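**Student:**
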Amino acid sequence: MNIMVMGSGGREYSIGRMLAQESHIEKLYFAPGNGATAALGDNVTIQEYDALADFAQEQKIDLTIVGPEAPLVDGVVDIFKARGLTIFGPSQAAARLEGSKVYMKNFLAKYGIPTARYIETDHIERAFEFIESLPTPVVVKADGLCAGKGVIIAHSHDEAKQAVSQMLSGKSFGDAGKKVIIEEFLDGYELSMFAICDGSDYILLPAAQDHKRLLDNDEGPNTGGMGAYAPTPLVNDAIYDNVKERIIRPTLDGMKAEGAPFEGVLFIGLMVVNGEPITLEFNVRFGDPECEILMPLMESSVSELFYKAATNNLSNLHVKFKEQYGVGVVMASRNYPYGSSDPAEIIVDDIVHQELEEHAHISYAGVREIDGKLYASGGRVLVCVGLGTSIEEARDRAYMLCGQVHFAGKKIRTDIAYQALKKA
Ligand code: AMP
Ligand code: GLY
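For the sequence shown, the tail end lands on 423 under numbering that gives the first Met the number 0, and the numbers increase by one without skipping.
1) When you compare the CB positions of glycine 34 and valine 4, do they come within less than 9 Å of one another, or not?
2) In angstroms with no decimal places, state the Cα-to-Cα distance between leucine 304 and arginine 379.
3) Is methionine 297 near phenylalanine 320, with beta carbons less than 9 Å apart?
4) Sort out for me which residues DSSP pairs isoleucine 130 with in a bridge.
5) Reducing DSSP to helix, strand and coil, say where alanine 331 ends up.
6) Any heavy atom of the ligand GLY inside 8 Å of the beta-carbon of glutamate 11?
7) Per the DSSP calculation, valine 163 is bridged to which residue(s)?
8) Using a threshold of 9 Å, state whether the C-beta atoms of asparagine 216 and aspartate 414 are closer than that.
9) Apart from the five residues just before and just after methionine 0, which ones in its own chain have a Cβ nearer than 6 Å to its Cβ?
10) Step through the CB atoms of chain B and report whether any lies within less than 9 Å of the CB of serine 299.
11) What would DSSP say about tyrosine 337, mapped onto helix, strand or coil?
12) Report yes or no: do the segment 221–237 and the segment 80–97 share at least 3 C-beta pairs separated by less than 8 Å?
13) Which whole-angstrom value describes the C-beta separation of proline 249 and glycine 111, a residue pair presumed to lie in contact below a C-beta threshold of 8 Å?
14) Mind checking glycine 83: buried by the 16 CB within 10 Å criterion, or exposed?
15) Could you tell me which residues DSSP puts in a beta bridge with glycine 387?
16) Are the Cβ atoms of histidine 360 and proline 288 separated by less than 9 Å?
17) Mind checking which residues open and close the beta strand (DSSP E) that includes glycine 263?
18) Find out if the Cβ-Cβ distance for the pair alanine 397, valine 384 is shorter than 9 Å.
19) Taking 8 Å as the line, does the beta carbon of alanine 115 fall inside it for any heavy atom of the ligand AMP?
20) Is glycine 286 near the ligand AMP - that is, is its Cβ less than 8 Å away from at least one heavy atom of it?
21) Would you call glutamine 208 buried or exposed, if buried means 16 or more other Cβ atoms sit within 10 Å of its Cβ?
22) Count the other CB atoms, across all protein chains shown, that sit within 10 Å of the CB of aspartate 349; report buried if there are 16 or more and exposed otherwise.
23) May I have the straight-line CA-CA distance separating methionine 17 from isoleucine 2, to the nearest angstrom?
24) Based on Cα-Cα distance, which residue from Gly187, Leu355, Glu257, Val283 lies nearest to glutamine 418?
25) Quick one: Cα of leucine 133 to Cα of alanine 141, how far?
26) Return yes when the C-beta of phenylalanine 87 is under 8 Å from any heavy atom of the ligand NAP, and no when it is not.
27) Could you check whether the Cβ of aspartate 209 sits closer than 8 Å to any heavy atom belonging to the ligand GLY?
28) Taking contact to mean at least 3 C-beta pairs separated by less than 8 Å, is the segment 233–246 in contact with the segment 159–179?
29) Helix, strand or coil for asparagine 312? Go by DSSP, reduced to three states.
30) Checking the sheet assignment: what are the DSSP bridge partners for histidine 360?
31) Pick helix, strand or coil for methionine 294, following the three-state DSSP scheme.
32) Relative to the ligand GLY, is the shortest distance from any of its heavy atoms to the C-beta of alanine 229 smaller than 8 Å?
33) Determine the DSSP secondary structure at aspartate 41, reduced to helix, strand or coil.
34) Any idea if glutamine 170 is buried or exposed, counting beta-carbon neighbours within 10 angstroms, 16 or more meaning buried?
35) Rounded C-beta distance between asparagine 42 and phenylalanine 54? I'm assuming under 8 Å.
36) Once DSSP output is grouped into helix, strand and coil, what is the label at glutamine 418?
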């Protein structure tokens, strides 16, 4: 089987790393990949979607897996499917669940799926009126894709109004902010759940928890995610059942009724408030760094899971997960998340610990290869992943590996999985 993975992050590396271990995979391509995926397969530099579809046909690629949201929202799945190519990901119409927060919120409301109380509007007076009616903090969201920056938690009504004015005038996010969502603040704990969907059926992966803030104790600015772990003990069977019955099932049925059956990864961002899971948002792709810890927990074939999902064939698939925990600690570059950083050579110590060899690894993200050496090239550079039979053991292995990886300006959080460990 020949497979192409679209994207260039740690998420795509972690999918590729699993595929590279499957004996029936002949050729593995990354489009565009990063400096480390070149060691797992071939990096492809073609950017244009039609040209990539040509390439997939020429190289007889049996399955394309799309990592990031941008190509999905652009409609890459529709382009590939029109050629009869097999591709894992939602159509452009279904990707609106992530591409437009207004679409997503209206969909949730229409199908009675639990979510925060909200209005959508492009009228400033209407926005101000609703803001005044809510207790603080108030949450303001730009409609379109803003690379994770379009959500403002405003601590006063004035701050909320200012955020809305800036968005509606196009000053903060351009066209993506020309419509806004204003919603009530939910006070609880956040979870990430991932359902691999084929339009009708789905496989739910173990629940994960991300750490979005830059600094320990959830302080500092929001980032794409500084670390994650799974499965989280903050989920019990009642929460899983609730998510399946009240969120995933109505979403798959609803999307079918809307004429946009959902195939791909449904990423449910949840806030658990008094034991009740409430949908904060949907994304239509894997979380990063959640993917980096979920992939190595898969015992069953990753290619089979994605292939069966892409060919509407999940109903009889049984997927096994390792009875282990995964903890991933992100190493980011000096100026993350504010700006770019100078390239810095990555040195991984040559100390061999059998424990790390067997139970820990690196998923590479923002890296470039120059003359056989890897350089941190900005953003989130890599994820140190540890597996273990307890969260503590997995966490200790991840941090032990962090101690062996060096580059100028590296930064990490030291408290990944703290909510789970506090509970224990
Ligand atoms: P979103 O992109 O909608 O997930 O928002 C980004 C982050 O903002 C979430 O991960 C939450 O931490 C926070 N957030 C979003 N909506 C709410 C809400 N209604 N109440 C509390 N926090 C929220
Ligand atoms: N880790 C959260 C995200 O990928 O959006």
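Glycine included, C-beta positions come from ideal geometry on N, C-alpha and C.
These numbers come from a predicted model, not from an experiment.
**Tutor:** Let me spell this out:
1) No, Cβ-Cβ distance for glycine 34 and valine 4 is not below 9 Å.
2) Straight-line Cα distance between these residues: approximately 27 Å.
3) At a Cβ-Cβ threshold of 9 Å, methionine 297 and phenylalanine 320 count as neighbours.
4) Beta-bridge partners of isoleucine 130 (DSSP): none assigned.
5) It is a strand residue.
6) No - the ligand GLY has no heavy atom lying nearer than 8 Å to the Cβ of glutamate 11.
7) Per DSSP, none; premise fails for valine 163.
8) Contact annotation: asparagine 216 and aspartate 414 have beta-carbon atoms nearer than 9 Å.
9) The answer, listed in chain order, is His23, Ile24, Asp61.
10) Structure shown: chain B not included; a single protein chain is present.
11) The three-state reading of DSSP puts tyrosine 337 in coil, since its state is none of H, G, I, E or B.
12) Result no; under three Cβ-Cβ pairs closer than 8 Å.
13) Taking C-beta atoms under 8 Å as the contact rule, proline 249 and glycine 111 qualify, at a distance of about 7 Å.
14) By the 10 Å Cβ count, glycine 83 comes out exposed.
15) Tyr324, per the DSSP bridge assignment.
16) Going by C-beta atoms, histidine 360 is not nearer than 9 Å to proline 288.
17) Taken as a continuous stretch (DSSP letters only), the beta strand (DSSP E) holding glycine 263 covers 262–272.
18) Going by beta carbons, alanine 397 and valine 384 fall inside the 9 Å limit.
19) True, at least one ligand heavy atom lies under 8 Å from that Cβ.
20) It does not: the Cβ of glycine 286 is nowhere closer than 8 Å to a heavy atom of the ligand AMP.
21) Buried, by the Cβ-count rule.
22) Label assigned to aspartate 349: exposed.
23) Looking at the two C-alpha atoms, the distance is approximately 12 Å.
24) Distances from the CA of glutamine 418 to each of Gly187, Leu355, Glu257, Val283 were compared; the closest alpha carbon is that of Gly187.
25) CA-to-CA, the gap between leucine 133 and alanine 141 works out to about 18 Å.
26) In terms of ligand content, the structure shown lacks the ligand NAP and carries the ligand AMP and the ligand GLY instead.
27) Yes.
28) These segments do not touch.
29) Correct three-state label for asparagine 312: coil.
30) Per DSSP, Val384.
31) In this structure, methionine 294 counts as helix in the three-state DSSP scheme.
32) Alanine 229 has its Cβ no nearer than 8 Å to any heavy atom of the ligand GLY.
33) The answer is strand: DSSP assigns aspartate 41 an E or B state.
34) Inspection of the sequence shows that residue 170 is occupied by lysine rather than by glutamine. So lysine 170 ends up on the exposed side.
35) About 12 Å separates the two Cβ atoms, so there is no contact after all.
36) The DSSP-derived three-state label of glutamine 418 is helix.
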